[in-house]
DNA sequence: GGAGTTCTAGAATCTACCATCTAATTGAAG
DNA sequence: CTTCAATTAGATGGTAGATTCTAGAACTCC
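Residue numbers (my numbering), protein chains in the order written: chain Z, 389 to 575; chain A, 389 to 575.
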């Protein structure tokens with residue numbers, strides 16, 4: 389093999405995530421990640437060819453974690469569970485939630501690395517597919533309304549709390565459910 | 389007097405706003421603003437003591453524009469109009485809307501300039517006051533529910549479209565209204 | 001134990017940008 | 001026409017941070 393690693397890739401991503409939470413995208417410098425993990429800069433570059441690649445991987449790791457539960461709920465035809473997945477996931481993964489929902493992807497990795505293109509595409513299409521499949525099973529449903537209820541409202545509901553560094557309060561779920569039912573009853 | 393100005397402060401802010409829309413906060417360098425307006429860097433620093441000050445002023449200009457209509461609607465006791473103010477204002481001011489809703493204040497001006505502290509405080513308190521006044525007039529209303537309906541839902545509704553560079557579609561207003569009525573009927 | 005490989009280590013380099021500084025314009029007022 | 005202040009102009013300095021480079025350490029397998 390070779391020399392065993394003293395620092396894992398995930399340790400580096402964890403450090404980057406923590407720094408991101410404290411100081412925003414600009415604070416995530418290679419030097420900062422180095423200082424936080426204790427790993428020398430050379431080791432960082434041994435794992436990640438560039439800063440953009442590191443941040444892109446961090447973003448992907450966060451997204452994967454979120455997407456899984458969402459797609460599962462949709463596959464079960466459970467729209468309400470899918471809508472509630474956002475606040476629940478935020479409570480379970482506050483740091484990842486803040487990273488994902490408080491920043492634009494381009495603000496993290498200015499240049500999305502080519503080699504990660506496929507992974508990015510996969511994330512996007514698999515989510516779209518889950519929605520398409522649901523719509524195919526429910527011809528009466530309206531896509532606009534679904535997006536509103538599944539994405540827009542939960543996102544908005546959660547955001548203010550993440551910004552404040554808090555976890556979304558439990559009362560939020562009732563509000564989201566009320567919205568969900570009212571809007572879906574419409575069309 | 390002296391030599392008349394060739395470039396106004398608003399021209400510089402407009403350029404910064406456009407650059408922000410194209411490339412995000414990091415793209416708004418003094419050199420970029422200089423190139424876009426045609427004004428030399430020296431002129432920029434003649435008007436704005438620092439980059440942070442320029443971006444802080446840009447942010448304030450955007451916020452003021454939004455706040456006005458919102459506060460007016462609240463003063464009229466018209467919650468539905470206040471909720472719809474967000475999508476309407478976004479349609480009327482797409483660039484400012486993107487700047488305001490797609491970035492965190494700290495991502496624009498890393499260090500908020502001291503001299504702008506009072507203006508920032510004013511923005512925050514005046515909005516809070518409008519809400520407090522409404523609550524005082526309507527003892528039955530629930531603050532959480534109001535925030536959800538006035539801030540969270542409209543914000544979420546609009547965001548996805550701003551991200552895509554589109555203007556929020558008109559159908560959104562009906563969805564927001566439906567949500568507004570359903571949630572306020574609850575508490 | 002020697003060869004090969006993977007990883008740590010951090011100094012050195014290179015780049016981009018903010019901010020400063022000096023000098024040159026420009027037009028108004030007297 | 002002279003004086004004066006506001007503004008333009010942009011070269012230059014200083015710094016922060018990404019990236020590269022070279023050397024050495026630690027482990028496995030033969």
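Yeah, the Cβ is synthetic: ideal placement off N, Cα and C, and Gly gets one too.
Between residue 482 of chain A and residue 561 of chain A, which are expected to be in contact by the criterion C-beta below 8 Å, what is the C-beta distance as a whole number of angstroms? With a Cβ gap of about 16 Å, residue 482 of chain A and residue 561 of chain A do not count as contacting.
Nearest neighbour of residue 539 of chain A, chosen from A:496, A:570, A:489 [CA to CA]: A:489
Smallest Cα separation from residue 435 of chain Z: which of Z:411, Z:464, Z:461, Z:394? Z:394
Residues near residue 531 of chain Z by beta carbon distance below 7 Å, same chain, minus five either side: Here the set comprises 523.
Which first and last residues belong to the alpha helix (DSSP H) in which residue 380 of chain A is found? The question about residue 380 of chain A has no answer, for chain A in this structure spans 389 to 575.
Beta-carbon separation (whole angstroms), residue 421 of chain Z vs residue 563 of chain A, contact threshold 8 Å: Going by Cβ atoms, the distance from residue 421 of chain Z to residue 563 of chain A rounds to 42 Å, so no, they are not a contact pair.
Would you decide whether residue 533 of chain A is buried or exposed? Buried here means 16 or more other CB atoms lie within 10 Å of its CB. buried
So, under 8 Å CB-CB, residue 442 of chain Z and residue 400 of chain Z are touching, yes? Tell me the CB distance rounded to an integer number of Å. 7 Å
Evaluate residue 389 of chain Z with the Cβ neighbour count: other Cβ atoms within 10 Å of its Cβ, from every protein chain shown; 16 or more gives buried, anything less gives exposed. The C-beta of residue 389 of chain Z has fewer than 16 other C-beta atoms within 10 Å across all chains shown, which makes the residue exposed.
Does DSSP classify residue 574 of chain Z as helix, strand or coil? helix
Suppose the cutoff is 8 Å on Cβ atoms and the five residues either side in sequence are ignored; what does the same chain contact list for residue 419 of chain A look like? 429, listed in sequence order.
What are the start and end residues of the alpha helix (DSSP H) that includes residue 541 of chain A? 541-551
How many Å lie between residue 513 of chain Z and residue 448 of chain Z at the Cα? A straight-line Cα-Cα distance of about 14 Å links residue 513 of chain Z and residue 448 of chain Z.
Hey, quick one: how far does the alpha helix (DSSP H) through residue 499 of chain Z stretch, first residue to last? First-last for residue 499 of chain Z: undefined, no H or E at that position.
In whole angstroms, what is the alpha-carbon distance linking residue 396 of chain Z and residue 410 of chain Z? 22 Å
Residue 413 of chain Z and residue 491 of chain Z: beta carbons closer than 7 Å? yes
If you draw a straight line from the C-alpha of residue 495 of chain A to the C-alpha of residue 408 of chain Z, how long is it? Between the C-alpha atoms of residue 495 of chain A and residue 408 of chain Z there is a straight-line separation of about 11 Å.
Would you report the Cα separation of residue 574 of chain Z and residue 545 of chain A, rounded to the nearest angstrom? 17 Å
Residue burial classification, residue 549 of chain Z (beta-carbon count within 10 angstroms, cutoff 16): Label assigned to residue 549 of chain Z: buried.
Separation of residue 404 of chain Z from residue 551 of chain Z, as counted between CA atoms: 18 Å
Segment limits, alpha helix (DSSP H) that includes residue 419 of chain A: Counting along the chain, the unbroken alpha helix (DSSP H) around residue 419 of chain A starts and ends at 418-425.
Checking contacts by CB at 7 Å: is residue 446 of chain Z closer than that to chain A? no
What residues from chain A crowd round residue 468 of chain Z, counting only those whose CB sits closer than 9 Å? Per Cβ cutoff of 9 Å: no residues; residue 468 of chain Z is ~14 Å from chain A at best.
Rank Z:445, Z:454, Z:467, Z:536 by C-alpha distance to the C-alpha of residue 503 of chain Z and give the top, closest one. Z:445
CA-to-CA distance, residue 484 of chain A to residue 501 of chain A, given in whole angstroms: 21 Å
Using a Cβ-Cβ cut-off of less than 7 Å, list which residues of the stretch 479-496 of chain Z approach chain A; keep chain order. 490, 492, 494, 495
Hey, residue 469 of chain Z and residue 461 of chain Z are a contact pair by Cβ (cut 8 Å); roughly how many whole angstroms apart? Yes, residue 469 of chain Z and residue 461 of chain Z are in contact; Cβ-Cβ is about 4 Å, under 8 Å.
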